[in-house]
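Encoded as structure tokens, the structure appears first; notes follow it.
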Amino acid sequence: MLKSKTKWNFTYNDNSTDGYSNNLPDISSLTSQLLNRRGITKPEEVKRFLHPSQEDLYDPFLLDGLSEAVERVRIAIERNEHILVYGDYDADGVSSTTVMVEALREAGAICDYYIPNRFTEGYGPNEAAFLQAAQDGFSIIITVDNGIAGIHEANVAKEAGIDLIITDHHEVQESLPDAFSIIHPKTSKNYPFKELAGVGVAFKFAQALLKEMPHHLLDMVAIGTIADLVPLKDENRALVFLGLQALNQTNRIGFKALKDVCSIDGEIEEETVGFSIGPRVNAVGRLEDASPAVDLFLTEDSYEASQLAEYINDLNQKRQKIVTDITKEAEELLISGEQPLEEVIVVAKEGWNPGVLGIVASKLVRQFDRPAIVLGIDSDKNEAKGSARSIDAFDLFQNCMEIREQFIHFGGHAQAAGMTLNTDNIEEVRSQLCQKAQDKLSDDDYHQVLNVEMNVDMEEVTLEQIQEINKLRPFGMGNPKPLFHIKEKAKEIRLIGSRQNHLKLMFKKNQKKLDGIAFGMGDLYTRISPASELEVIGELGINEWNGRQNVQIMIKDLKVQTWQLFDFRGSKHLEKKLGFPNDQHVVALTFNNAQNAPHELPVINGKEIESFQSFPLHGLVLLDLPPSLAQLSHVVQRLAPDNIYACYQVEDSAFFTSWPTRDHFKWFYGMLMKRQSFNLNKDRELLSARKGWNGDMINFISQVFFELGFVKIKDGLVTIESKPQQKDLTESTIYQERKEQLAVEQALYYSTYKELKDWFNQQREPIKEEVFNGL
659 MLKSKTKWNF TYNDNSTDGY SNNLPDISSL TSQLLNRRGI TKPEEVKRFL
709 HPSQEDLYDP FLLDGLSEAV ERVRIAIERN EHILVYGDYD ADGVSSTTVM
759 VEALREAGAI CDYYIPNRFT EGYGPNEAAF LQAAQDGFSI IITVDNGIAG
809 IHEANVAKEA GIDLIITDHH EVQESLPDAF SIIHPKTSKN YPFKELAGVG
859 VAFKFAQALL KEMPHHLLDM VAIGTIADLV PLKDENRALV FLGLQALNQT
909 NRIGFKALKD VCSIDGEIEE ETVGFSIGPR VNAVGRLEDA SPAVDLFLTE
959 DSYEASQLAE YINDLNQKRQ KIVTDITKEA EELLISGEQP LEEVIVVAKE
1009 GWNPGVLGIV ASKLVRQFDR PAIVLGIDSD KNEAKGSARS IDAFDLFQNC
1059 MEIREQFIHF GGHAQAAGMT LNTDNIEEVR SQLCQKAQDK LSDDDYHQVL
1109 NVEMNVDMEE VTLEQIQEIN KLRPFGMGNP KPLFHIKEKA KEIRLIGSRQ
1159 NHLKLMFKKN QKKLDGIAFG MGDLYTRISP ASELEVIGEL GINEWNGRQN
1209 VQIMIKDLKV QTWQLFDFRG SKHLEKKLGF PNDQHVVALT FNNAQNAPHE
1259 LPVINGKEIE SFQSFPLHGL VLLDLPPSLA QLSHVVQRLA PDNIYACYQV
1309 EDSAFFTSWP TRDHFKWFYG MLMKRQSFNL NKDRELLSAR KGWNGDMINF
1359 ISQVFFELGF VKIKDGLVTI ESKPQQKDLT ESTIYQERKE QLAVEQALYY
1409 STYKELKDWF NQQREPIKEE VFNGL
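Numbered according to the numbering used here, the sequence shown spans residues 659 to 1433.
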């Protein structure tokens, strides 16, 4: 048995069609089912989903405050006023800044941009920057991807004579800033879609300002929207769909340079942006000033673009190492108990780079299955600044807002947030959030959930089927890549990767093959028996190699539903073949005081099993063979282990010693009656040559006759007893023990894997009590 690491939520019923209808033209049954599970059933909804277009975008003037803001900018253009775009340091903020600056310049505005330094200024508007803008002659500040929480800063701008225009998409707090204009989907009652990214809002501003669809800015919209992990549905889906088309056709010099640095060939898809482009853009603001990322996308100079792209790529590599180091330190603090590992992780340390703590928090959430806040301490200021990530069942924004007084600054979403707090408040934040988790969450809530959309037979997985699935792209938040359930035995399981930390599986059924890749699951290699039927959850895809296309499944989780048998009979070097997690209860079993328990496992004696306290046992390692099958059967029934490891060897085998029949015994006794004696030392080899008997068998027959009182044996000379009692061979203990040893070896050692598994299956069946007089 191997338990899954996540909770599997099967969103389908194999015995029904979930009510979907396949009356739509050019739509396969598979696509119909997947659309239905996304709540898309009507023909017009299906058309809009599968074929997003410009017509799916809403009128930007439905956003409250946009008309006034655009009119103010046009007046500024006429008066040659200076406009400052105030951005943010993540990929959404960089993209938003690029879109707004390009749109303003195209409209004829005199503008510049400013992105606050994450480390010295923090997220969002700040008083010093606004006052400096006023001194520098800016009469308008337009925030992008921030500003909705800038209550004080809005007042500062107003007093300084600056018209503040806020464009944002983050959660709205208790009150709104006193700004010239606020453009925010969630403050706009008439705007149909509330989940735009910051760059989406900036794009709407650009569209209204330029009085036309700014197709040339859609490439930036795709980058910011995908990187910010907003739901890719409704208008976001159309924006990303069109934006990916724009990215594949873009003439933007900076993007081409970054693409070259990333060694990106072929079509750019949402995964390309999410895993290659987005992290590099984010890396700049995580470690330094984010301005080079904006410069990269704005530049029209090829050499400058190449230099900036190389610089950004180098920063990303540096960022990766810093994340690895901090994550390791955080894990050690929690595992060692130096900082508490409770319902909500709050871990803090001086010297941690605040720019990467959101990534570290994400890693801790995945490892420990609970919300995580990671803080870097600045002892000079007595402040802690960091980021938080959460599990689905715990709304970070809502719960942190309930203790808002603990934070100096706070903002974010349900699943991600940033904050600054006094160092003295760390323990109180941990205590209050843990109490909220205790009050609101169940044990199941802490497990990551995989929503499984369909069970498939591996023989049905085809290239055409995967191409059908790809009609639902772009995938992302709100439209996840479908997860499929496959149940099959793996023909081959092996470790891959430079660190041997990934699994590659090959499933084969009849003439059909399906490869499976399980990244980061190399630790399961020793925990999967080759003969076990696996259940895997994963994404179906196409692997292209040397011009050939093959279907594969990218495994997200796997399990073995039934108990497993690991066959290491006669094997040496068991330490390398066995592997057990620290949190599992595994014991070794011996009947003959074996001392070869691997990994220093606790050893129990099979003859004293009644004194062993029985509780859920994950693994039972069999070190030697039992004296009888009945004894091992009793142990297996009593302990019912999830997994059995057959690790025994046979030194003195009864299996290869010829087993005498009653005719053998009869002939040997008749020979003794005639000769009256038989010298084992002198005559055994002669008898072996004459009859073809094994010498050990002759010794065995002699010992059985001696135990039954039929003969005497002295110094190797066997003589007849004058008046022996009549006894059956089965009355001999030696005979019975050797017969039992033979049965044990035949069943447990010389059997095939299937025969051994069948034997253990029979022993695991519960004992049926006889019914007597109705009781």
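Backbone N, C-alpha and C fix where the C-beta goes; we use that ideal spot for every residue, glycine too.
Note that this is a predicted model, so its numbers are computed, not measured.
query	result
Opposite Ala767 in the DSSP bridges: which residues?	According to DSSP, Ala767 bridges with nothing at all.
Quick one: what's got a C-beta closer than 7 angstroms to Leu1259's C-beta in the same chain, skipping five residues either side?	Val1244, Val1245, Ala1246 and Val1279
From Ile1211 to Thr1120, what distance separates their C-alpha atoms?	11 angstroms
If you check the beta carbons only, do Ile1356 and Phe1368 fall under 9 angstroms apart?	no
Quickly, what does DSSP pair Val1194 with across the bridge? List them, please.	Ile1144 and Leu1216
Measure the alpha-carbon distance for Gly1174 versus Arg1185 and round it to whole angstroms.	17 angstroms
Relative to the C-alpha of Phe1460, which candidate in Pro1140, Phe861 and Gln1169 has its C-alpha closest?	Since the first and last residues shown for the chain are 659 and 1433, residue 1460 lies out of range.
According to DSSP, simplified to helix, strand and coil, what is His1292?	helix
Quick one: grab the DSSP three-state call for Ser679.	With a pLDDT of only 49 at Ser679, under 50, the local geometry of the prediction cannot be trusted, and the value read off the model is given with reservation. The answer is coil: DSSP assigns Ser679 none of H, G, I, E or B.
Of all the options Asp1181, Asp1225 and Asn1254, which has the alpha carbon lying nearest to the alpha carbon of Phe1238?	Asp1181
So, with DSSP's three-state summary, where would you put Thr1377?	strand
Would Lys976 and Leu945 be called neighbours here (beta carbons separated by less than 9 angstroms)?	yes
What residue does the beta strand (DSSP E) around Asp1173 start on, and which one ends it?	Lys1170 to Ala1176
How about the region 1132-1152 and the region 889-905: do they share at least three Cβ pairs that are nearer than 8 angstroms?	yes
The alpha helix (DSSP H) spanning Leu708 covers which residue range?	Pro701 to Leu708
Reducing DSSP to helix, strand and coil, say where Thr957 ends up.	coil
In terms of residues, what are the limits of the alpha helix (DSSP H) holding Ala1405?	Thr1391 to Leu1406
Taking buried to mean at least 16 other C-beta atoms within 10 Å of its own C-beta, is Met1329 buried or exposed?	exposed
I'd like the ranges of any alpha helix (DSSP H) spanning at least 4 consecutive residues and lying wholly in the region 798-844.	809-817
Which value, in whole angstroms, describes the spacing of the CA atoms of Leu1079 and Lys1007?	13 angstroms
In the DSSP output, what is Trp1203 paired with across the bridge?	Arg1206
Who are the Cβ neighbours of Glu726 in its own chain at under 6 angstroms, not counting the five residues just before and after it?	Ser839
Kindly indicate the opening and closing residues of the beta strand (DSSP E) around Asp1036.	Ala1030 to Asp1036
Below 8 angstroms, can you find three or more Cβ-Cβ pairs linking the region 779-791 to the region 870-890?	no
Which residues does DSSP list as the beta-bridge partners of Trp1317?	Per DSSP, none; premise fails for Trp1317.
Which residue comes first and which comes last in the alpha helix (DSSP H) that contains Gly858?	Gly856 to Leu868
Could you name the residues that DSSP lists as bridge partners for Thr1248?	Asn1263
Going by C-alpha to C-alpha distance, which of Ala988, Leu1236, Leu1283 and Trp1317 sits closest to Gln1307?	Leu1283
Between the C-alpha atoms of Gln1158 and Glu989, what's the straight-line distance to the nearest angstrom?	22 angstroms
Pairs of beta-carbons, one from the region 805-819 and one from the region 685-700, closer than 8 angstroms: are there three or more?	no
From Glu1146, Val981 and His873, pick the residue whose C-alpha is nearest to that of Ser711; which is it?	His873
Are there three or more Cβ pairs, one per stretch, closer than 8 angstroms when the region 950-966 is compared with the region 1056-1065?	no
Nearest-angstrom Cα distance between Tyr772 and Ala941?	18 angstroms
If you compare alpha carbons, which of Ile768, Thr1319, His1143 and Asp1101 is closest to Val1114?	His1143
Below 7 angstroms CB to CB, which residues in the same chain sit around Thr982 once its five sequence neighbours on both sides are set aside?	none
Between which residues of its own chain and Arg1422 is the CB-CB distance below 8 angstroms, once the five residues before and five after are set aside?	Trp1221, Val1294, Gln1295 and Ala1298
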